[in-house]
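Visitor: Next up is a structure, given as structure tokens.
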Amino acid sequence: MKDSALIFVTMDRPHAAQRLIFSVRRSFPDLRMLVADQSEPTEAMRRFYSKHRVEAVWMPHDSGVTRCRNALVEAADAKYLLLCDDDLIFTSASELSAARKILDHDPEIGVVGGRWFDRYDGYPDVVRHWQIFLHLDRRNKMLTAVPAYHFLANVRYAGGHKYYLCDAVHNFSLFRAEVFDNEAVRWDPRFKSNGEHEDFYLNFKEASPYRVAYYPGLVCVHHRPRAPIYERLRERSEGWRLFMQKWGIEQYCELDHGTRTLNEPEKVHRDRSWARYLVDIDHSSDAEWATTRPISLTEDKRVILARHYDPETADPIRHARASGRLVLDEEHRLSATPSPPAEEAPTEPVEACLERLKRVARDVRVRFQAPMEVPACRDVWITANVFNDGDETFDIGQDARVSGAFCYRWRRGGTYVAIREYATDCFDDVSPGMHEQVVHVDAPSVPGVYELDLVLVVGDAFIVDAASSVRVSVGDPEAASSDRRPPVLVTSEPKPLGDDAPPRQPSPEHLKWLRESVRMRVLRSCGVVGTPDSLVALAVECDEAPRAESADVMLTHHWKKNGRYLAWDIRRQVLAGLSQGHHVRTVMVRRPLDPTLEMELGALVPAEGYVPMFTGSATDLWPRAV
Numbered sequence: 000m001k002d003s004a005l006i007f008v009t010m011d012r013p014h015a016a017q018r019l020i021f022s023v024r025r026s027f028p029d030l031r032m033l034v035a036d037q038s039e040p041t042e043a044m045r046r047f048y049s050k051h052r053v054e055a056v057w058m059p060h061d062s063g064v065t066r067c068r069n070a071l072v073e074a075a076d077a078k079y080l081l082l083c084d085d086d087l088i089f090t091s092a093s094e095l096s097a098a099r100k101i102l103d104h105d106p107e108i109g110v111v112g113g114r115w116f117d118r119y120d121g122y123p124d125v126v127r128h129w130q131i132f133l134h135l136d137r138r139n140k141m142l143t144a145v146p147a148y149h150f151l152a153n154v155r156y157a158g159g160h161k162y163y164l165c166d167a168v169h170n171f172s173l174f175r176a177e178v179f180d181n182e183a184v185r186w187d188p189r190f191k192s193n194g195e196h197e198d199f200y201l202n203f204k205e206a207s208p209y210r211v212a213y214y215p216g217l218v219c220v221h222h223r224p225r226a227p228i229y230e231r232l233r234e235r236s237e238g239w240r241l242f243m244q245k246w247g248i249e250q251y252c253e254l255d256h257g258t259r260t261l262n263e264p265e266k267v268h269r270d271r272s273w274a275r276y277l278v279d280i281d282h283s284s285d286a287e288w289a290t291t292r293p294i295s296l297t298e299d300k301r302v303i304l305a306r307h308y309d310p311e312t313a314d315p316i317r318h319a320r321a322s323g324r325l326v327l328d329e330e331h332r333l334s335a336t337p338s339p340p341a342e343e344a345p346t347e348p349v350e351a352c353l354e355r356l357k358r359v360a361r362d363v364r365v366r367f368q369a370p371m372e373v374p375a376c377r378d379v380w381i382t383a384n385v386f387n388d389g390d391e392t393f394d395i396g397q398d399a400r401v402s403g404a405f406c407y408r409w410r411r412g413g414t415y416v417a418i419r420e421y422a423t424d425c426f427d428d429v430s431p432g433m434h435e436q437v438v439h440v441d442a443p444s445v446p447g448v449y450e451l452d453l454v455l456v457v458g459d460a461f462i463v464d465a466a467s468s469v470r471v472s473v474g475d476p477e478a479a480s481s482d483r484r485p486p487v488l489v490t491s492e493p494k495p496l497g498d499d500a501p502p503r504q505p506s507p508e509h510l511k512w513l514r515e516s517v518r519m520r521v522l523r524s525c526g527v528v529g530t531p532d533s534l535v536a537l538a539v540e541c542d543e544a545p546r547a548e549s550a551d552v553m554l555t556h557h558w559k560k561n562g563r564y565l566a567w568d569i570r571r572q573v574l575a576g577l578s579q580g581h582h583v584r585t586v587m588v589r590r591p592l593d594p595t596l597e598m599e600l601g602a603l604v605p606a607e608g609y610v611p612m613f614t615g616s617a618t619d620l621w622p623r624a625v
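Sequential numbering from 0 applies to the sequence shown in numbering that gives the first Met the number 0.
Okay, here's the thing in structure tokens:
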């Protein structure tokens, strides 16, 4: 692999960059790696890159993925370049040798794209097919992207390896570095996000003598972690407008996905009018969730719509995994039939899983590096140390059966005033020794001195070690300057509050109303098939109308054992519109790994306090599910 280099771009997602690097080093310990990092340089990430032999090219913040990739091409100086996104994960199936053989065997091929599995939390991995042909109609000012599976496969062979010609592939592809000797085929530096991918491959098709191929044996996993600052920048529509103006088009249609227009580049128009030509009913209601896959016919010529429906009521189901399909019966009436039951993977017994975790967790500790100062109302990235004093690997990484996550909570004056917005997943197994992990927290909105607790939790309800605490001074966000930030922190820009409005402080009256006038109890609970999620119906009684402006209650649930919190704020939800009287609301909760735990539901008012509302045992809530 001495003549190859892996290149990727990252910004404001150090946890994603860590995960990718960990996964690559497991399979390719000697592969040269280069990253163009648009984040603020910090000593923590400098050390991390150096430790894992990653060459960092530091770029100005939000300089754009295209400028960064061009800079990496210049810096790499290798025969082959493996282009990746920072939210990819290499697995044991990620093998590069066959893709290199294709490039060596076929001098016409300049790019070999791989197979991309999308990973959604709680669901099986799904292949995303984005091997497409691009058709530019200059006369009608239209560009059409047609998935390759709509055509008969254009197949070639390199020994025993089969690959397919197309015009564009994912950002997981092996390039001949010499294709970039022609500067006309490099990335257009005017693009920062959106539109740059289609622009590159459309330009590649017109300006390069090389061709693009798809090889399904080149495999990776794609999982998009949450990063609020990144998400806001990623969703900008200026790139789509620039793309359409550059190529003189007014519509860009990606078949089976939707159409963007020059006037509304941020919106995807999904046309489902085909359903109306078949039966006199509009199957495109609830358009946001309806599928765009074409219909199919059964052997007895009945129409099947590729969408999930309740087999008893024929009502559409949004996130169904094993439900029915809507069909036309023999009399051409709409009815629903069950889909075949999905095979469930064998699961490890709860007792065996718990014993294994307890055996390994004796030697694992989590510690903060140092006290710190942070500005209020910021997304903050903190470096924590994870110690494994034993000789057994703690199997909680991305591919582990039981996942791990870092959870946090803020304390002030002995009261929990804010609990984690979401946890930072463990992206790698914890082998013996000391490891650094960059953990995300949200700084409180009110300046002052706080205690920040951090724990490592596995299986959503099994704490690994006692909480590590650190004193944190939360300062005025306007007074914070970059030169005063400690080296272990990466802070992003303040969270948008809309029209420059000042942050709305929670009302003490709201907290008092919750304590004195609101009561909750569980009516019933039921499991969600194939997931650890459950729906819990709550009876909410309000003795009087809320005293504050908002009647929204921020509800969160935690797990306790013998009076101690083991995992907290597993999921946060809003119960909107509570008023005087009785209400019945449904919330989603996570079943615990340990059936002896107690669940506590409570209302959280950030920067003011927390009010416990209900406590019940797991065995009482799910007598047959745990």
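Where a beta carbon is used, it is the ideal one built from N, C-alpha and C, also for glycine. Computed from a prediction, not measured in an experiment: that's the story for all the values here.
Sorry if obvious, but does the Cβ on Ser26 come closer than 7 Å to a heavy atom of the ligand MN?
Guide: Here there are no bound small molecules, and the ligand MN is not part of this structure.
Visitor: If you drop the 5 nearest sequence neighbours on each side, which residues of the same chain put their C-beta closer than 6 Å to that of Arg364?
Guide: On the sequence shown, residue 364 is found 365 positions in, with the first residue counted as 1. Hits under 6 Å: Phe386, Asp464.
Visitor: Can you tell me which of Val445, Phe461, Asp441, Gly412 puts its alpha carbon nearest to the alpha carbon of Glu354?
Guide: The sequence position of residue 354 within the sequence shown is 355, counting from 1. Answer by Cα proximity: Phe461.
Visitor: State the DSSP-derived secondary structure class of Trp246, mapped to helix, strand or coil.
Guide: Working through the sequence shown from its first residue, we reach residue 246 at position 247. In this structure, Trp246 counts as helix in the three-state DSSP scheme.
Visitor: So, helix, strand or coil for Lys511, using DSSP?
Guide: As a working note, residue 511 is residue 512 in the sequence shown. In this structure, Lys511 counts as helix in the three-state DSSP scheme.
Visitor: Over what stretch of residues does the beta strand (DSSP E) that includes Asn153 continue unbroken?
Guide: Against the sequence shown, residue 153 aligns to sequence position 154. Where Asn153 is concerned, there is no enclosing beta strand (DSSP E), given that its DSSP letter is neither H nor E.
Visitor: Just verifying my parser: in three-state terms, what is the DSSP assignment at Trp239?
Guide: The sequence position of residue 239 within the sequence shown is 240, counting from 1. It is helical.
Visitor: To which residues of the same chain is Arg470 closer than 7 Å at the C-beta, ignoring the five residues directly before and after it?
Guide: Locating residue 470 in the sequence shown gives position 471, counting from the first residue. Counting only Cβ-Cβ distances below 7 Å, and skipping sequence neighbours, we find Pro370, Val448, Glu450.
Visitor: Helix, strand or coil, according to DSSP, for Asp85 in the structure here?
Guide: The sequence position of residue 85 within the sequence shown is 86, counting from 1. Residue state, collapsed to three classes: coil.
Visitor: Identify, in the order they occur along the chain, each residue of the same chain with its Cβ nearer than 8 Å to the Cβ of Ile61, setting aside the five sequence neighbours on each side.
Guide: For this step, residue 61 is matched to residue 62 along the sequence shown. In the sequence as displayed, the identity of residue 61 is Asp instead of Ile. So the list reads Met10, Gln37, Lys191, Leu232, once near-sequence residues are dropped.
Visitor: Judging by CA-CA distance, which residue of Val23, Asn69, Phe7 is the nearest neighbour of Asp427?
Guide: Sequence index remark: in the sequence shown, residue 427 carries index 428 (1-based). Selected option, being the one with the closest Cα: Val23.
Visitor: Please go through the same chain and pick out, in chain order, the residues whose beta-carbon is closer than 8 Å to the beta-carbon of Ala152, but skip the five residues on each side of it.
Guide: Taking the first residue of the sequence shown as 1, we reach residue 152 at position 153. Counting only Cβ-Cβ distances below 8 Å, and skipping sequence neighbours, we find Tyr163.
Visitor: Does the beta-carbon of Ser49 have 16 or more other beta-carbons within 10 angstroms, so that it is buried, or is it exposed?
Guide: As a position in the sequence shown, residue 49 is number 50, starting the count at 1. The residue is exposed, with fewer than 16 neighbouring Cβ atoms inside 10 Å.
Visitor: Would the region 196-208 count as touching the region 91-102 if we require 3 or more Cβ pairs under 8 Å?
Guide: Touching, no, given that fewer than three Cβ pairs across the two stretches are closer than 8 Å.
Visitor: Who does Cys525 pair with in a DSSP beta bridge?
Guide: The count along the sequence shown starts at 1 and reaches residue 525 at position 526. BP columns for Cys525 point to Leu534.
Visitor: Look at Pro146 and Asp255 and say whether their C-beta atoms are less than 8 Å apart.
Guide: Within the sequence shown, numbered from 1, the residue matching residue 146 stands at position 147. Within the sequence shown, numbered from 1, the residue matching residue 255 stands at position 256. Yes, these two residues count as a Cβ contact at 8 Å.
Visitor: With H, G and I counted as helix, E and B as strand and the rest as coil, what does DSSP make of Ser468?
Guide: Position 469 of the sequence shown, counting from 1, holds the residue named residue 468. Here Ser468 sits in strand by DSSP.
Visitor: To the nearest angstrom, how far is it from the Cα of Val72 to the Cα of Asp394?
Guide: The count along the sequence shown starts at 1 and reaches residue 72 at position 73. The count along the sequence shown starts at 1 and reaches residue 394 at position 395. Their Cα atoms are separated by approximately 36 Å.
Visitor: For Cys376 versus Ser402, is the C-beta spacing smaller than 8 Å?
Guide: Within the sequence shown, residue 376 is the residue found at index 377, counting from 1. Within the sequence shown, residue 402 is the residue found at index 403, counting from 1. Going by C-beta atoms, Cys376 is not nearer than 8 Å to Ser402.
Visitor: When we look at the beta-carbon of Cys525 and count the other beta-carbons within 10 Å, is it buried (16 or more) or exposed?
Guide: In the sequence shown, residue 525 corresponds to position 526, counting from 1. Its Cβ having fewer than 16 others within 10 Å, Cys525 is exposed.
Visitor: Looking only at C-alpha atoms, which of Leu574, His134, Phe613, Gly194 sits nearest to Met519?
Guide: Counted from its first residue, the sequence shown places residue 519 at position 520. Considering only alpha carbons, the answer is Phe613.
Visitor: How is Ile381 classed by DSSP in three states: helix, strand or coil?
Guide: Counting from 1 along the sequence shown, the entry for residue 381 is found at position 382. Looking at Ile381 - three-state DSSP - the assignment turns out to be strand.
Visitor: Given a cut-off of 8 Å, decide if Thr65 and Trp186 are closer than it, judged by their beta-carbon atoms.
Guide: The residue you call residue 186 lines up with position 187 of the sequence shown. The residue you call residue 65 lines up with position 66 of the sequence shown. Taking 8 Å as the Cβ cut-off, Trp186 and Thr65 qualify as a contacting pair.
Visitor: Cutting at 6 Å between CB atoms, please list the residues of its own chain near Val438, excluding the five before and the five after it.
Guide: As a working mapping, residue 438 is identified with position 439 in the sequence shown. Excluding positions up to five away in sequence, the list reads Ile381, Ala383, Phe405, Thr423.
Visitor: Output needed for Val56: all residues of its chain with C-beta closer than 8 Å, excluding positions within five of it in sequence on either side, in chain order.
Guide: Taking the first residue of the sequence shown as 1, we reach residue 56 at position 57. Closer than 8 Å at the Cβ level, and outside the excluded window around Val56, lie Leu33, Val34, Ala35, Asp36, Cys67, Ala70, Leu71, Ala74.
Visitor: Between Met553, Asn561, Glu54, Gly580, which has its C-alpha nearest Arg571's C-alpha?
Guide: Taking the sequence shown and counting its residues from 1, the one referred to as residue 571 is at position 572. Comparing Cα-Cα distances from Arg571 to each of Met553, Asn561, Glu54, Gly580, the minimum goes to Met553.
Visitor: With H, G and I counted as helix, E and B as strand and the rest as coil, what does DSSP make of Phe27?
Guide: Numbered from its first residue, the sequence shown carries residue 27 at position 28. DSSP places Phe27 in coil when its eight states are reduced to three.
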